[in-house]
Every structure is written in C-alpha cells, then in structure tokens.
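Numbering (our numbering) for the sequence shown: 980 to 1329.
Below you'll find the structure, written out as structure tokens, and then a few comments.
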Amino acid sequence: MIRIGWRLPPTALATAAPRDPLDRAVRVGLLSLTALLLLTLPPRQNPEVFYLMSAGIAYGIAVLSLVVLVGLVGQFSLAQAGFMGVGAFAAAHLVTDAHVPFLLAVPLGGLAAVPVGMLAAIPALRVRGVLLAVVTLSFGQALDTLFFQAKTNGGGLGGVALARPDVLASDVHYYWFELAVLGGLCAFVCMFRTRKTGRVLAAVRESEPAALAVGINLVRAKVAAFGLSAFIAGVAGVVYAGINQSAAAGDYTAFKSIGLLAVAVIGGLGSAAGAVIGGLLNTLAPYYIARLPLVGSGDLTGVVFGAGLVLQMVVAPQGIASQVLEAERMLALQLRVRWQNQNRPLEAIG
C-alpha cells in the first residue's frame, strides 16, 4: 500500500493551472464551489460534526506536510504527529508562559518543529522505504516519551493551555481561520513545486543517482524537505491544539502518524487537494462508518475503514484527488465539445 502511494508517476505531481482557458475556468469554478461549501456548510451542522470538520481541517494541514515529503520527495515519515506535537507544545508555552500573541505563536510553533524535522532527516541519508518509515516511527515515539510526557507538558495526564484571542474565541471564527491557514499553505506548496527548489526535490524523488549526477546535493535536499514538512506539520499541531485550547500529549502519539499516512494515501499524495480530502476523511469517515446499520456500535469501524482503504487502492491507487482531477478534465472536455457543436453551423455559414 505504502509503496503504491510513494511511487507516483511524474505527472501525478503536476498540478499547475491548466493552459486552456476553458480548463482553467472549470478548475476555478470547482475550487470556488468547494471553498464556498467549506465556508458555509460546516457551521450549519450539529456540534459534533462541526467539531470533526474543524479537526479535519487541522489534519488536512498535517497531511499536506506528507504531500511535500512523500509525494514530492519520496521520503517516508511516520513522525508527523511528533512534529505536530512539538509545534503545539512550543506554541502553548509561548502563549501561556511568554504571553506571545496566538497569531504569532502559530508560525513560531511551526519553526520550532523545523530543527526536529531536520534531525529526523539524518536516517533518510542512509535508508529508504519501509526502513525509513520504521526509524521515523521510533523517532516519533521517542518524542512522545521524552518530550510530550514531560512534567512541564502536563506529564501525559493533562496538557498546556493554549488560549485563543478574542477575535477567534468563536468556534466558527476559528474554523474560518483554520481554512485560511490551510488555503495559504496549499497555495504555497503548489507554487513551491513549480519553483527551482521544488523541481530539485522532485528530481530526487524520481532518481537519486540521476539527481546526484547533475550536481544536486542529496543531503541538502532531503534535510530541506524534512524541515519544510516539519514546519507545516508543526503549524498543523498548533492549529489542532487551538480547537480545544490545549496541547495534550494524547493528541500527538506515534500511532496518529500511521493514520495520517493512511488517509494521505487515500486522499492522494500527489496534490494539495488530496491533503484536504485526507484530513476530512481522518475525522468524518470513522464517524459515519460507525453509524452504518451493519457496523452498529462502531467496533467494526476499523475493519470497514481498512477494507475501504484496500478497495480504494485497487480502484484508484493515486488517490481520490486524482479521480476528482480526472472528472474535472472530462467535464471540461464535454463542455468544449458541446461548445464546438453549437458553433459549427455558424462557422459553416461563414
């Protein structure tokens, strides 16, 4: 499963805006509709569903960090929840102890996770694939045991308060803030992949020997990728902690990293859209699966979710986002054919 998600074809990461005006119009229309639905529908749901959607947006930011690391560079990581925790606890201490404004603590929490991510990159210089996944999982477990369970962070029983500012005191306002952070980071990642550094990282993913042959510094590329991924994950941790206004050790266990990678593969590691889909699936799928008549109490939720994952990987190994993009292209093609058919008689008369 993991290997299928990792070995993306080169075109899977090419999500630049379409050159054709009609294709561009269809994409802008679909993005606008999606943004409108995300802005307006969740506040109308019951409190439980709204909470899950709010958490799903935060997880979407975390999955975006995997889009950068796994989808773009081809480096496995099961330490993303650990990076989230570093950012969350760093921001919580900044706000609570140093009285740093919350809005400033969000990027600072992300920056606090960067050196930790770079440290986790050291094994990537030697191992790849499953071995790297195991090493990073152990790294995340070490963060949980040595850092998150420390007395200064609540000793694993409580947490550290992370108060939101008055402007974000409302859950709806905070949800909109989450969307703004997610949208900004998605736009950054999309632009980053088209720049020189992004193309360098993509070259490392395609073939390390070839990248080395053309003068690419593999050490610098991998360390930079882990650092950027850790920054995004750290921001995700702060945003998630802001939902409950507390950074708690139980929210950033090593096991959470496995779930993040799973939903990242389902959503699609090749695009920012896959991060949004994966994040929402991480919270909403178990909720609705547990309410299916045959599932009942929810004891079989994991079984149903796992079976769905296997089925999805067989039907659409590149993720749900790839199917959405394919549907978008088909819609644009149908609109173009219809427009040409409608204008053909006029061309014949001319």
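All C-beta atoms, glycine included, are put in the ideal place defined by N, C-alpha and C.
Source: prediction; values computed, not measured.
Notebook entry, point to check: Which partner residues of residue 1139 appear in the DSSP bridge assignment?
Noted result: 1226
Next item on the list: Could you pull out every residue in the same chain whose Cβ sits closer than 8 Å to the Cβ of residue 1086, ignoring the five residues on either side in sequence?
Entry: 1214
Notebook entry, point to check: Taking the alpha-carbon positions, what's the residue 981 to residue 1010 distance?
Noted result: Note that residue 981 scores 39 on pLDDT, short of 50, meaning its location in the model is unreliable; the coordinates nonetheless yield the value given after this. Taking the straight line joining both Cα atoms gives about 28 Å.
Next item on the list: Run the CB neighbour count on residue 1220, radius 10 Å, all protein chains shown included, and call it buried at 16 or more, exposed below.
Entry: buried
Check: Which term fits residue 1201, buried or exposed, when burial requires 16 or more other beta carbons within 10 angstroms of its beta carbon?
Finding: buried
Next item on the list: Would you check if there are 3 or more beta carbon pairs closer than 8 Å linking the stretch 1090-1099 to the stretch 1031-1041?
Entry: no
Check: With residue 1112 and residue 1057 assumed to form a contact (beta carbons below 8 Å), what rounded beta-carbon distance in angstroms separates them?
Finding: 5 Å
Next item on the list: Tell me, to the nearest whole angstrom, how far the beta carbon of residue 1132 is from that of residue 1228; I am working on the premise that it is less than 8 Å.
Entry: 6 Å
Next item on the list: Would you mind working out which of 1105, 1306, 1109 sits nearest residue 1187, comparing C-alpha positions?
Entry: 1105
Margin query: Please report the straight-line C-alpha distance between residue 1310 and residue 1303, rounded to a whole angstrom.
Written below: 10 Å
Item checked: Residue span of the alpha helix (DSSP H) that contains residue 1059, given as start and end -> 1059-1075
Next item on the list: Would you kindly report the start and end of the unbroken alpha helix (DSSP H) that includes residue 1120?
Entry: 1108-1122
Next item on the list: Following the continuous alpha helix (DSSP H) through residue 1151, name the residue where it begins and the one where it ends.
Entry: 1150-1173
Check: If we ignore side chains and look at the alpha-carbon of each, how far apart do residue 1028 and residue 1285 end up?
Finding: 22 Å
Next item on the list: Please confirm whether residue 1226 and residue 1067 have their CB atoms less than 7 Å apart.
Entry: yes
Notebook entry, point to check: Taking the runs of the alpha helix (DSSP H) that are 4 residues or longer, which of them lie wholly in the stretch 1263-1305?
Noted result: 1280-1294
Item checked: Of the residues 1289, 1160, 1071, the one placed nearest residue 1223, counting alpha carbons only -> 1071
Item checked: Residue burial classification, residue 1305 (beta-carbon count within 10 angstroms, cutoff 16) -> exposed
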